[in-house]
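*Asks:* Residue numbers (my numbering), protein chains in the order written: chain A, 1 to 187; chain B, 1001 to 1187. Glycine included, every Cβ here is placed at the ideal spot set by N, Cα and C. I'd like to ask you about the structure that follows.
Structure (structure tokens):
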């Protein structure tokens, strides 16, 4: 990667037994509910790198009620425990256009991830409760910070996970989980 | 290229002796002056393909008075005489962001082309008079058409070139002309 990303997405993910129960828990902690949306993510692989091997991702995200889409590059994870990684995201006015442009450059569509997402805010941390098609309910704790604050943010997220009784952390992305599930279903 | 582009940019380019004289000519023909702008184009090369060899281009275009930028992919030229080629263009809300994203994916910035551009319309054809930094004045005749109308558009453009007394056509892009000039200056 030639240019270092400007901000770090510090992130923790955990599977949930039941999304409704967890949302009740968030209410008790005083979390503010910000948003509800349905998202479709289209992932692409690089013409010559395997993003699975390099631990990168390129994604086109379409969100209900928003025009156009977001194009996002995610760099490799920065540590073993959390999902923190460099991220560059831009808004694009034409979803079909950017999809065709990426394909013309040799990027191959590899998977789609659809989910219903509820977003909360608690103590400066974004808490996202997802019902992921084919995977079930998950929660993500997230904070965008300058690169040099990544370690502090990581500790903060782990503290919040503890507070919310999230014991089993998941480092794999929804994309990875879905692809592994597909592999399992096929074998 | 996996996906065929939706529209074709039928295009003819010719060098001008003097931009002012040619603009006078356009006025006499009743051309309508649409726009005046300054553009900076940043060209990128593919991580593993040489766009110079494949006759493709990937460009970030910044235009005075417009927010964000345009990201444009141009496919190989489709015939020998004109500059017609497939084109996919999308608007992006963050010029620095898309530049960093492209570089993270392995696309390398190769050149910048700056020009002052005046745009006219005549008989359904877009006529662009450019003062190109380092190259001088050029004119481009252009029409965006569905792929199946490319041949008709090509003939129409050649007819207009004849009408405007443009004898010497130039198939090379400003990028190619600038890179060749640089090579010439160095040798």
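Quick one: does residue 1148 of chain B have its CB under 8 Å from some CB of chain A?
*Replies:* As a working note, residue 1148 of chain B is residue 148 in the second chain. Not an interface residue.
*Asks:* Using a Cβ-Cβ cutoff of less than 7 Å, which residues in the same chain neighbour residue 111 of chain A once the five nearest sequence positions on both sides are dropped?
*Replies:* On the first chain, residue 111 of chain A is found 111 positions in, with the first residue counted as 1. Taken in chain order, the residues that qualify are 43, 175, 178, 179.
*Asks:* Kindly indicate if chain B contains any beta-carbon less than 8 Å away from that of residue 57 of chain A.
*Replies:* Mapped onto the first chain, residue 57 of chain A falls at position 57. No, its Cβ sits nowhere closer than 8 Å to a Cβ of chain B.
*Asks:* Beta-carbon of residue 1076 of chain B versus every beta-carbon of chain A: anything under 8 Å?
*Replies:* Indexing the second chain from 1 puts residue 1076 of chain B at position 76. No, its Cβ sits nowhere closer than 8 Å to a Cβ of chain A.
*Asks:* Under 8 Å: do the segment 1006 to 1015 of chain B and the segment 1159 to 1173 of chain B share three or more Cβ pairs, one atom per stretch?
*Replies:* yes
*Asks:* Could you pull out every residue in the same chain whose Cβ sits closer than 7 Å to the Cβ of residue 1009 of chain B, ignoring the five residues on either side in sequence?
*Replies:* Numbered from its first residue, the second chain carries residue 1009 of chain B at position 9. Excluding residues within five positions, the ones whose Cβ falls inside 7 Å are 1084, 1085, 1087, 1142, 1144.
*Asks:* Can you tell me which of the three DSSP states residue 1066 of chain B falls into?
*Replies:* Stepping through the second chain from its first residue, residue 1066 of chain B is reached at position 66. Three-state result, residue 1066 of chain B: coil.
*Asks:* Measure how close the beta-carbons of residue 107 of chain A and residue 183 of chain A come, nearest whole angstrom, since I'm counting them as under 8 Å.
*Replies:* As a first step, residue 107 of chain A must be located in the first chain, where it is residue number 107. As a first step, residue 183 of chain A must be located in the first chain, where it is residue number 183. Incorrect: roughly 22 Å between the Cβ atoms, too far for contact.
*Asks:* My guess is that residue 135 of chain A and residue 26 of chain A are in contact by the Cβ rule of under 8 Å, so how many angstroms apart are they, rounded?
*Replies:* Locating residue 135 of chain A in the first chain gives position 135, where the first residue counts as 1. Locating residue 26 of chain A in the first chain gives position 26, where the first residue counts as 1. The Cβ separation is near 20 Å, so there is no contact.
*Asks:* So which residues of chain B does residue 73 of chain A contact, with C-beta pairs closer than 7 Å?
*Replies:* Your numbering for residue 73 of chain A matches position 73 in the first chain. Per Cβ cutoff of 7 Å: 1101, 1104, 1105.
*Asks:* Along the chain, where does the beta strand (DSSP E) containing residue 141 of chain A start, and where does it finish?
*Replies:* Along the first chain, read from residue 1 onward, the residue named residue 141 of chain A stands at position 141. Residues 136 to 146.
*Asks:* Which residues, in order along the segment 160 to 185 of chain A, keep a beta-carbon less than 8 Å from a beta-carbon of chain C?
*Replies:* Structure shown: chain C not included; protein chains present are A and B.
*Asks:* Quick one: give me the first and last residue of the beta strand (DSSP E) that residue 1111 of chain B is part of.
*Replies:* Position 111 of the second chain holds residue 1111 of chain B. Segment 1108 to 1122, the beta strand (DSSP E) holding residue 1111 of chain B.
*Asks:* Could one say the Cβ of residue 65 of chain A lies closer than 8 Å to chain B's Cβ atoms, at least one of them?
*Replies:* Translated into positions along the first chain, residue 65 of chain A becomes position 65. So, not an interface residue.
*Asks:* Does the CB of residue 1097 of chain B have a neighbour CB from chain A at under 8 Å?
*Replies:* In the second chain, residue 1097 of chain B corresponds to position 97, counting from 1. Taking Cβ atoms only, chain A reaches closer than 8 Å to residue 1097 of chain B, which makes this a yes.
*Asks:* Is residue 1185 of chain B helix, strand or coil by DSSP?
*Replies:* Reading the second chain from its first residue, position 185 is the one you call residue 1185 of chain B. Residue 1185 of chain B falls in the helix class under three-state DSSP.
*Asks:* May I have the straight-line CA-CA distance separating residue 1095 of chain B from residue 1062 of chain B, to the nearest angstrom?
*Replies:* Residue 1095 of chain B sits at position 95 when you count from the first residue of the second chain. Residue 1062 of chain B sits at position 62 when you count from the first residue of the second chain. Spanning the two alpha carbons is a distance of roughly 8 Å.
*Asks:* Which first and last residues belong to the beta strand (DSSP E) in which residue 86 of chain A is found?
*Replies:* The sequence position of residue 86 of chain A within the first chain is 86, counting from 1. Per DSSP, residue 86 of chain A belongs to the beta strand (DSSP E) from 85 to 92.
*Asks:* For the beta strand (DSSP E) containing residue 35 of chain A, list its first residue and its last residue.
*Replies:* Position 35 of the first chain, counting from 1, holds the residue named residue 35 of chain A. Note, residue 35 of chain A: beta strand (DSSP E), 32 to 45.
*Asks:* Under the three-state reduction of DSSP, which class applies to residue 1049 of chain B: helix, strand or coil?
*Replies:* On the second chain, residue 1049 of chain B is found 49 positions in, with the first residue counted as 1. Coil at residue 1049 of chain B, not helix or strand.
*Asks:* Hey, out of B:1159, B:1118, B:1181, whose CA is closest to residue 1022 of chain B's CA?
*Replies:* Residue mapping note: residue 1022 of chain B aligns to position 22 of the second chain, counting from 1. Taking only the C-alpha atoms, the option nearest residue 1022 of chain B is B:1118.
*Asks:* Terminal residues of the continuous beta strand (DSSP E) containing residue 1130 of chain B?
*Replies:* Stepping through the second chain from its first residue, residue 1130 of chain B is reached at position 130. Looking at the DSSP string, the run of the beta strand (DSSP E) that includes residue 1130 of chain B is 1125 to 1132.
*Asks:* Is there a C-beta anywhere in chain B that falls below 8 Å from the one on residue 88 of chain A?
*Replies:* In the first chain, counting from the first residue as 1, residue 88 of chain A sits at position 88. At least one chain B Cβ lies under 8 Å of residue 88 of chain A.
*Asks:* Taking 7 Å as the cut-off, does the CB of residue 62 of chain A come closer than this to any heavy atom belonging to the ligand ZN?
*Replies:* Looking for the ligand ZN in the displayed structure turns up nothing, as the structure carries no ligands at all.
*Asks:* In angstroms, rounded to a whole number, what distance separates the CA positions of residue 1092 of chain B and residue 1068 of chain B?
*Replies:* Sequence index remark: in the second chain, residue 1092 of chain B carries index 92 (1-based). Sequence index remark: in the second chain, residue 1068 of chain B carries index 68 (1-based). Taking the straight line from one Cα to the other gives about 6 Å.
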